[in-house]
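Under our numbering, the first residue of the sequence shown is numbered 4, with each subsequent residue one higher.
Heads up: the structure comes next, in C-alpha cells.
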Amino acid sequence: MEGICPLCNGIEQYKLQCPICENECEDKGREVDYNDKYSPYLDYDISAKADGLTEENSSLYCIHLFNCPDCNEGFLKIIDKIK
Ligand SMILES: [Zn+2]
Ligand SMILES: [Zn+2]
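In C-alpha cells, the structure reads:
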C-alpha cells in the first residue's frame, strides 16, 4: 500500500535547519515541482540516500524542497511516508 507524506498532507510540520546560517527553512513542497527552478544544495547524507531512490521506493519517500529565507538557498530533505 502506498504511504502518505505527512508534510504534503498537513499532518506534520517539519522545519529544516539551514546548514549555512542555522535559520529555519520553509517547506516549499515536493521537490519534483521545483526540479527546473532550483539547483538545490545536497549534503552527503541526503545525496547518498537520494541515489538509492528509485521509482520503486518513491512510494516510501517524499522529497521536499526547503528554502532558507536568509540565504535564499534551496535544500532537499527526504521525508519518510507513513502508512
Ligand atoms: Zn510530501
Ligand atoms: Zn540560511
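Where a beta carbon is used, it is the ideal one built from N, C-alpha and C, also for glycine.
Out of Asp83, Ile82, Phe69 and Lys86, state which residue places its alpha-carbon closest to the alpha-carbon of Asn26.
Minimum Cα distance to Asn26 is reached at Phe69.
Distance, Cys71 Cα to Gly77 Cα
If you take the alpha carbons of Gly77 and Cys71, they lie about 7 Å apart.
Would you kindly check if the distance between the Cβ of Lys84 and the Cβ of Ile7 is under 9 Å?
Between Ile7 and Lys84, the gap from beta carbon to beta carbon is short of 9 Å.
Leaving out the 5 sequence neighbours to the left and right, which residues in its chain are closer than 8 Å to Glu34 when beta-carbon positions are compared?
Answer for Glu34: Pro43, Ile66, His67, Leu68 and Leu79, listed in chain order.
Under the rule that 16 or more other beta-carbon atoms within 10 Å means buried, what is Cys21, buried or exposed?
Only buried fits Cys21, as 16 or more other CB atoms lie within 10 angstroms of its CB.
Which term fits Cys28, buried or exposed, when burial requires 16 or more other beta carbons within 10 angstroms of its beta carbon?
Buried is the call here.
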